[in-house]
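Scroll down for the structure; my scribbles are underneath it.
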Amino acid sequence: MLPYTRAASFLVDAPALAGGKTNDESMLTAPETEVSRLLHICNDCHYCDSFCAVFPSSSRRLQFAKADIHYLANLCHNCGACLHGCEVAPPHELAVNLPQAMARVRGQTYADYAWPPALGALYQRHGLVLSLALAGALTIFLLLALALNGTLLGSPQAGYSAVFGHQMLVGLFAPVFLYAVLALGMGVRRFWHDVTPATSGQSVSAAAAGEAARDVLRLKYLDGGHGDGCNNADGTATLARRRAHHLTFYGVLLCLAATLAASVYHYVLGWTAPYDLPQLPKLLGVAGGLSLLLGTGSLFALNLQRHPLHGDAAQKPMDRGFIALLFCASASGLALWWVHAGVALPALLTLHLGLVMALFATLPYGKFAHGIFRTAALLRHAVEKRQT
75 MLPYTRAASF LVDAPALAGG KTNDESMLTA PETEVSRLLH ICNDCHYCDS FCAVFPSSSR
135 RLQFAKADIH YLANLCHNCG ACLHGCEVAP PHELAVNLPQ AMARVRGQTY ADYAWPPALG
195 ALYQRHGLVL SLALAGALTI FLLLALALNG TLLGSPQAGY SAVFGHQMLV GLFAPVFLYA
255 VLALGMGVRR FWHDVTPATS GQSVSAAAAG EAARDVLRLK YLDGGHGDGC NNADGTATLA
315 RRRAHHLTFY GVLLCLAATL AASVYHYVLG WTAPYDLPQL PKLLGVAGGL SLLLGTGSLF
375 ALNLQRHPLH GDAAQKPMDR GFIALLFCAS ASGLALWWVH AGVALPALLT LHLGLVMALF
435 ATLPYGKFAH GIFRTAALLR HAVEKRQT
């Protein structure tokens, strides 16, 4: 912990932090201005320099332009270590709560960099109820289509192909998936362009790309700086949040790998679905589904337990909506594995497809974006470290 003499020096310097703004700082939003104020205080201290990448990156700067603040906010993993290690955190009059201030700016950047820009407001409206309502509406739409086709009730022998043909599924999901990839790609491209001046435009080397990839795959900065993990509301640190993120992250990757393997089976080898164990698409899909189920269930419980000071309460509906869609999609997918055929198959398959389609449709405007923007910020950090 910091000595109180250091905290007293902050009080002496605090009035200077309120005035003397540069032209760029005068154009900052209220959340950005708060991050700038806090980072000036943190740069006078350096106690948290070993906690994560934010503090050494911050200490390289004397002023914080909008691009710097966006970059540093997305570099923050919201582990809470700096909040619990700070002697001038609330209820101190300086009220240094960097995780919460960073979270508010991150939410702002998601909306600011949304593509098309007019849809940025969806970040504020994308909540748990909206996510599940969209999934329900899509499911009802698909059920009505089955009813009109006379395939709403399955038979003991009928499989997936008797409900929805392969080409129909491709026609339904390919446009939604490709749009989500395009929208996310356009948003992170603008973000990357804007934060490049924050790191002097240094080119990306193989070493920097490799370090960033390792940090992303290991979720390095969810360890609280010293390997203890993220802080709970009572200040104790555990690795539960990091492990839940790992399960969710690798669950998504395994499900994507299962889809790719199934595509190879279908288009290259000529083997049609459904696949069963021990075929590769099923192995990857079951492993990914179980990982997602455990990870998202843990994340939802942890989200309910986190202290209000640890993040932005306004973003909780968006967080929970994304977690709920992932959880329900994985649960319905695993249920389909058990129900190979029968009268319940069409309804269960339709529910699963409605959930997955809702997930894809909301990817560019929900919590999924934080992983994309954070990866870009980690890459910029790895580049910046190598500058002379």
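For our numbering, count along the sequence shown from 1 and bump the result up by 74.
Idealized CB from N, CA, C, for every residue including glycine.
Between the C-alpha atoms of F374 and A398, what's the straight-line distance to the nearest angstrom? Rounded to the nearest angstrom, the two C-alpha atoms are 8 angstroms apart.
A311 by DSSP, collapsed to three states: which one? Secondary structure at A311: strand, using DSSP grouped into helix, strand and coil.
Give the DSSP-derived three-state secondary structure of P230 in the structure shown. Its pLDDT being 45, under 50, P230 is placed unreliably in this model, and the value from its coordinates should be taken loosely. It is coil, neither helix nor strand.
Thinking C-beta only, is L453 closer than 9 angstroms to A280? A distance of 9 angstroms or more separates the beta carbons of A280 and L453.
Can you tell me the Cα-Cα spacing of L296 and K441, whole angstroms? Cα to Cα, L296 sits roughly 17 angstroms from K441.
Measure the Cβ-Cβ separation of H240 and H340 and say whether it is below 9 angstroms. Yes, Cβ-Cβ distance for H240 and H340 is below 9 angstroms.
Give the range of the alpha helix (DSSP H) segment to which V170 is assigned. V170 -> no alpha helix (DSSP H), and no H or E assigned at all.
Tell me C304's beta-bridge partners as DSSP assigns them. C304 is bridged to T312.
Below 6 angstroms CB to CB, which residues in the same chain sit around H381 once its five sequence neighbours on both sides are set aside? For H381, the CB contacts under 6 angstroms within the same chain, skipping 5 residues up- and downstream, are A307 in chain order.
Using a Cβ-Cβ cut-off of 7 angstroms (strictly less than) and excluding sequence neighbours within five positions of Y439, which residues of its own chain qualify? Sequence-distant Cβ neighbours of Y439 in its own chain, meaning closer than 7 angstroms and more than five residues away, are A188, L193, L196, Y197 and H200.
Assess contact between the region 396-412 and the region 424-434, defined as three or more Cβ pairs (one per stretch) separated by less than 8 angstroms. Is contact present? In this structure the region 396-412 touches the region 424-434; the number of beta carbon pairs closer than 8 angstroms is three or more.
Contact belief for Y51 with V269 at Cβ below 8 angstroms, rounded distance in angstroms: Given a span of 75 to 462 for the chain in the structure shown, any question on residue 51 remains unanswerable.
Below 8 angstroms on the Cβ atoms is my contact criterion, and I expect G39 with C329 to pass it. Report the Cβ-Cβ distance as a whole number of Å. The chain is shown from 75 up to 462; residue 39 falls before or after that span and cannot be answered.
Could one say the Cβ of G407 lies closer than 9 angstroms to chain D's Cβ atoms, at least one of them? The chain inventory of the structure shown lacks chain D, comprising one protein chain alone.
For T96, which residues from the same chain have a beta carbon less than 7 angstroms from its beta carbon, with the 5 sequence-adjacent residues on both sides left out? No answer about T96 holds up, because its pLDDT of 49 lies below 50 and its placement is not dependable.
Contacts around A177, its chain only, beta-carbon distance under 7 angstroms, and the 5 residues preceding and following it disregarded: So the qualifying residues of the chain are N152, G385, D386 and Q389.
Which first and last residues belong to the alpha helix (DSSP H) in which N152 is found? It is not in any alpha helix (DSSP H) - N152 carries neither H nor E in the DSSP assignment.
Could you compute how far the alpha carbon of H300 sits from the alpha carbon of E458? Taking the straight line joining both Cα atoms gives about 23 angstroms.
Use the C-beta contact count for S337: other C-beta atoms within 10 angstroms, 16 or more gives buried, fewer gives exposed. S337 is exposed by the Cβ-count criterion.
Which value, in whole angstroms, describes the spacing of the CA atoms of L366 and A314? Roughly 15 angstroms between the two C-alpha positions.
Three or more beta-carbon pairs under 8 angstroms between the region 318-335 and the region 156-167, yes or no? Flag = no, the region 318-335 and the region 156-167 do not touch.
Please classify A443: does DSSP put it in a helix, a strand, or coil? When DSSP states are grouped into helix, strand and coil, A443 belongs to the helix group.
Counted within 10 angstroms of its Cβ, other Cβ atoms place D118 as buried (16 or more) or exposed: Counting Cβ neighbours within 10 Å, D118 comes out exposed, since fewer than 16 surround it.
Look at the Cβ atom of A335, then the Cβ atom of L351, and state whether they are nearer than 9 angstroms. It is not a contact, given that the beta carbons lie outside the stated cut-off.
If you compare alpha carbons, which of P191, A147 and D186 is closest to N171? In terms of Cα proximity to N171, the closest of P191, A147 and D186 is A147.
Close-in-space but distant-in-sequence residues of the same chain around D186 (CB under 7 angstroms, 5 per side omitted): Only G194 meet the Cβ criterion.
Using the Cα positions of F265 and F251, report the straight-line distance between them to the nearest angstrom. Straight through space, the alpha carbons of F251 and F265 are spaced by roughly 21 angstroms.
Answer with buried or exposed for H444, where buried requires no fewer than 16 other C-beta atoms within 10 angstroms of its C-beta. H444 should be labelled buried.
Select from V203, L291 and L376 the residue whose C-alpha is nearest the C-alpha of G395. With distances taken between Cα atoms, G395 lies closest to V203.
Same chain, Cβ closer than 8 angstroms to G298, five either side skipped, listed in chain order: Leaving aside the five residues that flank G298 on each side, the residues in its chain whose CB is nearer than 8 angstroms to its CB run, in chain order, F125, C153, G154, A155, C304, N305 and A311.
Relative to the C-alpha of L102, which candidate in A432, I143 and T436 has its C-alpha closest? Cα-wise, what sits closest to L102 is I143.
Can you grab the Cα-Cα spacing for the pair A175 / W411, in whole Å? Distance between the alpha carbons of A175 and W411 is about 44 angstroms.
May I have the straight-line CA-CA distance separating D123 from V109, to the nearest angstrom? In this structure, the alpha-carbon of D123 lies about 16 angstroms from that of V109.
Does the distance from the CB of L383 to the CB of P105 come in under 9 angstroms? Between L383 and P105, the CB-CB gap reaches or exceeds 9 angstroms.
If you check the beta carbons only, do R316 and L291 fall under 9 angstroms apart? No; because the gap between Cβ atoms is not below 9 angstroms, this pair is not in contact.
Could you please give the first and the last residue of the uninterrupted alpha helix (DSSP H) stretch that includes Y197? L196 to R199 is the extent of the alpha helix (DSSP H) around Y197.
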